[in-house]
Every structure is written in C-alpha cells, then in structure tokens.
Amino acid sequence: MTDTPQDAPPEAQLEIRIIPVTPLQQNCSLIWDRETKHAAFVDPGGDIDQLMKALEHFGLTLKHIWLTHGHLDHAGAAQALKERTGAPIEGPHRDDQWLLDAIEEQGAKYGITDGRNCTPDRYLEDGDTLELEGVTFGVAHCPGHTPGHVVIHNAAAQIAFVGDVLFAGSIGRTDFPRGNHQQLIDSITGKLWPLGEDMRFVPGHGPMSTFGQERKSNPFVADRITGFGGAAAEAADQLAQRLSKRWS
Ligand SMILES: [Zn+2]
Ligand SMILES: [Zn+2]
970 MTDTPQDAPP
980 EAQLEIRIIP
990 VTPLQQNCSL
1000 IWDRETKHAA
1010 FVDPGGDIDQ
1020 LMKALEHFGL
1030 TLKHIWLTHG
1040 HLDHAGAAQA
1050 LKERTGAPIE
1060 GPHRDDQWLL
1070 DAIEEQGAKY
1080 GITDGRNCTP
1090 DRYLEDGDTL
1100 ELEGVTFGVA
1110 HCPGHTPGHV
1120 VIHNAAAQIA
1130 FVGDVLFAGS
1140 IGRTDFPRGN
1150 HQQLIDSITG
1160 KLWPLGEDMR
1170 FVPGHGPMST
1180 FGQERKSNPF
1190 VADRITGFGG
1200 AAAEAADQLA
1210 QRLSKRWS
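End of the sequence shown = 1217 in our numbering, gap-free, step of one.
Right, here's the structure in full:
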C-alpha cells in the first residue's frame, strides 16, 4: 500500500531505465515504483553484475522477472537473477520453453558463457495481465520471431516492451528455426497496431519508436505495404471530401 492520492495516475509512479546487455546490446528494461522501490526487469539477457548494480544504485527490490521470448540475449540472466533475488520468472508463452532449455547451447554459438537455461514460474497467454505495484500490464502473444513470443504493454503509460517482434525501421528475424514471416506480420498488424498509434515501444535492440511512426515509415509493415487500415483511411478520405464540398 502507498499513501499516493487516489487521483494520481498509477503510471506517474513508474520509472523506467533501459540497460543494454550482452555483446548483442539487447535492451533490458528496469521498471520500478517510485514510492515502494519495487522493480521488474524485462528481458535480463546477461551482464548480471551490471543489473545487480542498477538495482543497488536506485535502491530497488526486484519483485518480477518478465521475459518476452526465449532467446539467449533476452533470457540468459533470468535464472541467476531469480536465485540472487527470489523474484519469479514470468513469461514467455510456453511455446518458447524449447528455447529456454537451450540457452546454454545458444550461448556456446555466440561465445556468451554466462547464460543459464530456465523454466518460468508462470507461462503467459494472450490476454493475461502482469502486475507491478497495482499497475497492470497487458500481454499479447505475438508469434513469428519465435513461437512463444509475448509483448508486454501498458495503455496508461503508453509503453510497450516488444522484444524482437518490431524495431524502429525493421522487424524481427524469421530465419531461425520455427520462425514464420507471415505470422510475424500478422502479429504486428493484428496485436500491436490495435494498441494505438501513440503507443511508444522499447524494442529488443536499437532506439525506441511509436507504432504510429512504424505504420508510416517501416519498410516491412507500413500501412501502404500491409494494407492495414486501408478501409478506415479511405472512409476518412471520403468524409474529408464530402466536408470540403459542403463548405467550399
Ligand atoms: Zn530474439
Ligand atoms: Zn534479441
């Protein structure tokens, strides 16, 4: 419980820092409640000493470990963090367990030796919710890059953690085993775009962007390429024409 006034929006209590980890510069996010200093890591892929230092630096207690998918650079430090802090691992979807079972094997390929296999305390399903100090985050199952990939989002704070589904100006790779290009496109247009154009997102790698920006300019999933919003855009056009006829 906190003594925050009832009318303070819950998202105002949240603080977020992005900490790039592993040689793959994966964007691990640290989210915390300003009052209680209770925190969640999204995708702690590695560099556990750096992550522990960040907790200490901000005076935080880790309560949750949230994973978007089972790749090494996103999930590699989850087990060690859980052992050190007692925080449970939540996510991804169970369809990524085969990857979580092969983190050590993936690490050998990239020369990253501190990754550990893990089994989540809770698998996530499409439509599930996650909680951090009374702030609720939605979960969308977004297969394509991996079969069990999930996206974690909060409407009030207008922020989504999308892992390797979508990047500023690009989309996730689908040339890995069990990747599926069309499924990835369908996840983006069917699960992410409905969250709204103003939704900002932290991708697994590289700079932040908004869904609206990507719908305009992303060479893989801009509306003019996917045809998304075609009917709605047309209707708006017709309405604008009718109005201009009426008033001119
Ligand atoms: Zn990945
Ligand atoms: Zn990645």
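The C-beta atom is built at its ideal place from N, Cα and C for all residues, glycine as well. Nothing here was measured: the structure is a model prediction, and the numbers come from that model.
Between the CA atoms of residue j and residue i - distance to the nearest angstrom
{"i": "Glu984", "j": "His1007", "result": "11 Å"}
{"i": "Glu1074", "j": "Ala1023", "result": "28 Å"}
{"i": "Ser1139", "j": "Glu1004", "result": "37 Å"}
{"i": "Lys1032", "j": "Ile1017", "result": "16 Å"}
{"i": "Asp972", "j": "Glu1102", "result": "Confidence in Asp972 is poor, its pLDDT being 46 and thus under 50, which makes the residue's placement too unreliable to answer from."}
{"i": "Asp1002", "j": "Leu1029", "result": "9 Å"}
{"i": "His1150", "j": "Pro1061", "result": "19 Å"}
{"i": "Ile1000", "j": "His1114", "result": "24 Å"}
{"i": "Arg1184", "j": "Gly1173", "result": "18 Å"}
{"i": "Leu1041", "j": "Asp1155", "result": "25 Å"}
{"i": "Ala1126", "j": "Leu1161", "result": "15 Å"}
{"i": "Gln1066", "j": "Asn1187", "result": "30 Å"}
{"i": "Arg1215", "j": "Thr1179", "result": "Low confidence applies here, because Arg1215 scores a pLDDT of 48, under 50, leaving its location unreliable; read the following figure in that light. C-alpha separation (whole angstroms): 35 Å."}
{"i": "Leu1020", "j": "Gln994", "result": "14 Å"}
{"i": "Gly1015", "j": "Glu1052", "result": "14 Å"}
{"i": "Glu1025", "j": "Gly1181", "result": "36 Å"}
{"i": "Pro1112", "j": "Phe1106", "result": "19 Å"}
{"i": "Val990", "j": "Gln982", "result": "25 Å"}
{"i": "Asn1078", "j": "Asp1070", "result": "Here residue 1078 is Lys; the residue named in the question, Asn, does not match the sequence. The alpha-carbon atoms of Lys1078 and Asp1070 are separated by roughly 15 Å."}
{"i": "Leu1135", "j": "Phe1027", "result": "29 Å"}
Residue i vs residue j beta-carbon contact at 9 Å
{"i": "His1043", "j": "Asp1144", "result": "no"}
{"i": "Gly1080", "j": "Pro1013", "result": "no"}
{"i": "His1110", "j": "Val1104", "result": "no"}
{"i": "Asp1090", "j": "Val1108", "result": "no"}
{"i": "Gly1141", "j": "Leu1153", "result": "yes"}
{"i": "Ile1072", "j": "Gly1039", "result": "yes"}
{"i": "Ala1137", "j": "Pro1176", "result": "yes"}
{"i": "Ala1009", "j": "Ala1056", "result": "yes"}
Spatial neighbours of residue i in its chain, beta-carbon cut-off 8 Å, leaving aside the 5 residues before and after
{"i": "Ile1128", "result": "Ile985, His1122, Met1168, Arg1169, Phe1170, Val1171"}
{"i": "Thr1158", "result": "Val1190, Thr1195, Phe1197"}
{"i": "Thr1082", "result": "Gly1076"}
{"i": "Phe1130", "result": "Ser998, Val1011, Asp1012, Trp1035, Thr1037, Val1120, Ile1121, His1122, Phe1170, Val1171"}
{"i": "Glu1059", "result": "His1033, Ile1034, Trp1035, Leu1036, Pro1089, Asp1090, Arg1091, Leu1093, Leu1099"}
Same chain, Cβ closer than 6 Å to residue i, five either side skipped, listed in chain order
{"i": "Arg1147", "result": "Pro1116"}
{"i": "Glu1100", "result": "none"}
{"i": "Thr1054", "result": "Leu1031"}
{"i": "Asp1192", "result": "Arg1184, Gly1198"}
Own chain residues within Cβ distance below 7 Å of residue i, not counting five before or after
{"i": "Arg1063", "result": "Tyr1092, Gly1117"}
{"i": "Asp1097", "result": "Val1108"}
{"i": "Asn996", "result": "Ile987, Pro989, Val1171, Pro1172, Gly1173, His1174"}
Exercise. Give a yes or no on contact between the stretch 1078-1087 and the stretch 1030-1050, applying the rule of three or more CB pairs nearer than 8 Å.
Key: In short, these stretches touch, since the Cβ pair count reaches three.
Quiz prompt | Residues passing the C-beta test against ligand 1 heavy atoms, cut-off 7 Å | solution = So the residues near ligand 1 by this Cβ test are His1038, His1040, Asp1042, His1043, His1114, Thr1115, Gly1132, Asp1133, Gly1141, Gly1173.
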